[in-house]
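Asker:
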Amino acid sequence: MTVNTILFDLDGTLLEMQTEPFVKSYLVEVGRHVGDKYDTEKLLKLIWDATKAMIMSQEPEKTNEQVFIEYFTAHSEWDREEVWPLFDSFYRDVFPTLSHLTYPSPWGKKIVDAAKAQGYRVAVATNPVFPRDAIFHRLAWIGMSADDFELVTVYEESHYTKPNPGYFAEICQKLGVEPTDCIMIGNHMQEDMVASKLGMKTYLVTNWLEDRGEPQYPVDQRGSLEELYQAITERTGVFAKA
């Protein structure tokens with residue numbers, strides 16, 4: 001079967017960055033935005049624990065947002081109506097200013113444009129543990145928008161996260177494709193290359209490579225962003241015409 005769809009990871013792939021330092025700095029900024037009204041350490045731990053609840057969730061009837069909110073409200077000493085406006089204002093006013101924590105380059109847009117020029121359908125398969133606004137802001141940092149893709153995974157609409165294979169199966173269902181129609185491109189061995197379990201081809205981007213050691217998954221091709229661009233434009237490796 002001809003591969004016709006490319007799924008792009010965002011953090012560390014299209015948007016050049018180191019995920020762990022970014023998340024740590026992001027949480028510091030959340031705490032700063034919240035200010036002295038709350039026990040910042042307690043609030044940030046609750047956000048982190050609610051995020052882990054999303055990652056561990058096996059409830060296909062609940063979106064990641066629903067899982068996050070349910071965990072947060074069940075374990076919080078504060079009312080959701082009190083805290084959520086602060087989260088909303090953070091993503092509206094503060095998050096867009098955090099691009100200095102990343103290293104955006106022209107490669108992301110060049111690669112997506114090249115894939116579309118070759119006739120591929122394209123989607124952003126970023127781990128949907130962030131709200132829509134946060135993900136759309138990160139796309140804007142590389143000069144792109146959700147309109148450039150057929151699908152962008154966000155926590156309001158997704159029911160699984162990486163590295164759950166169900167996350168990739170849900171993308172295929174939404175796009176109306178089979179896993180064997182797809183190439184997953186990402187920089188994380190465990191979170192992105194797990195797509196191979198469903199039969200997807202995989203390309204591991206090495207510029208900002210992340211690998212926790214175990215488990216290991218098959219990698220069909222690997223290389224830098226420049227090498228990825230060349231492989232797409234020249235139709236070599238996993239991008240070769242059938």
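For the sequence shown, full-length UniProt numbering begins at 1 and goes up steadily by one. Heads up, the beta-carbon is just placed ideally off N, CA and C, and yes, glycines get one too. Please read all numbers here as calculations on a predicted model, not as lab measurements.
(1) Give every residue of the same chain whose Cβ lies closer than 6 Å to the Cβ of residue 243, excluding the five residues on either side of it in the sequence, and list them in chain order.
(2) Going along the chain, which residues of its own chain have a beta-carbon closer than 7 Å to the beta-carbon of Glu156, five neighbours each way excluded?
(3) Report, in whole angstroms, the separation of the C-beta atoms of Asp49 and Gly186, which I expect to be a contact under 8 Å.
(4) Quick check on DSSP: helix, strand or coil for Tyr38?
(5) Express the C-alpha separation of Arg80 and Thr40 in angstroms, rounding to a whole number.
(6) Jot down the residue ranges of each uninterrupted beta strand (DSSP E) in the segment 36-91, minimum 3 residues, whole runs only, in chain order.
(7) Could you tell me the boundaries of the alpha helix (DSSP H) in which Val112 lies?
(8) Leaving out the 5 sequence neighbours to the left and right, which residues in its chain are closer than 6 Å to Tyr71 when beta-carbon positions are compared?
(9) Tell me Glu210's beta-bridge partners as DSSP assigns them.
(10) Which complete alpha helix (DSSP H) runs does the segment 153-178 hold, if anything under 4 residues is left out?
(11) Kindly indicate the opening and closing residues of the alpha helix (DSSP H) around Leu139.
(12) Is there at least one Cβ from chain D nearer than 8 Å to Gly119's Cβ?
Answerer: If we stick to the structure as given:
(1) Nothing can be reported for residue 243, as the shown portion of the chain is limited to 1 through 242.
(2) Within the sequence shown, numbered from 1, the residue matching residue 156 stands at position 156. Within the same chain, Glu156 has close Cβ partners Thr63, Glu65, Pro131, Arg132.
(3) Residue numbering aside, residue 49 sits at position 49 when the sequence shown is read from its first letter. Residue numbering aside, residue 186 sits at position 186 when the sequence shown is read from its first letter. Incorrect: roughly 26 Å between the Cβ atoms, too far for contact.
(4) Here the question's residue 38 lines up with position 38 in the sequence shown. Three-state DSSP puts Tyr38 in coil, outside helix and strand.
(5) Start at 1 with the first residue of the sequence shown, and residue 40 comes out as number 40. Start at 1 with the first residue of the sequence shown, and residue 80 comes out as number 80. About 16 Å.
(6) none
(7) Taking the first residue of the sequence shown as 1, we reach residue 112 at position 112. That run of the alpha helix (DSSP H) goes 107-117.
(8) Locating residue 71 in the sequence shown gives position 71, where the first residue counts as 1. Counting only Cβ-Cβ distances below 6 Å, and skipping sequence neighbours, we find Ala50, Ala53.
(9) Taking the first residue of the sequence shown as 1, we reach residue 210 at position 210. Answer is His188, bridged to Glu210.
(10) 165-175
(11) Locating residue 139 in the sequence shown gives position 139, counting from the first residue. Its alpha helix (DSSP H) spans residues 132-141.
(12) As a matter of chain content, chain D is missing from the structure shown, which is built from one protein chain.
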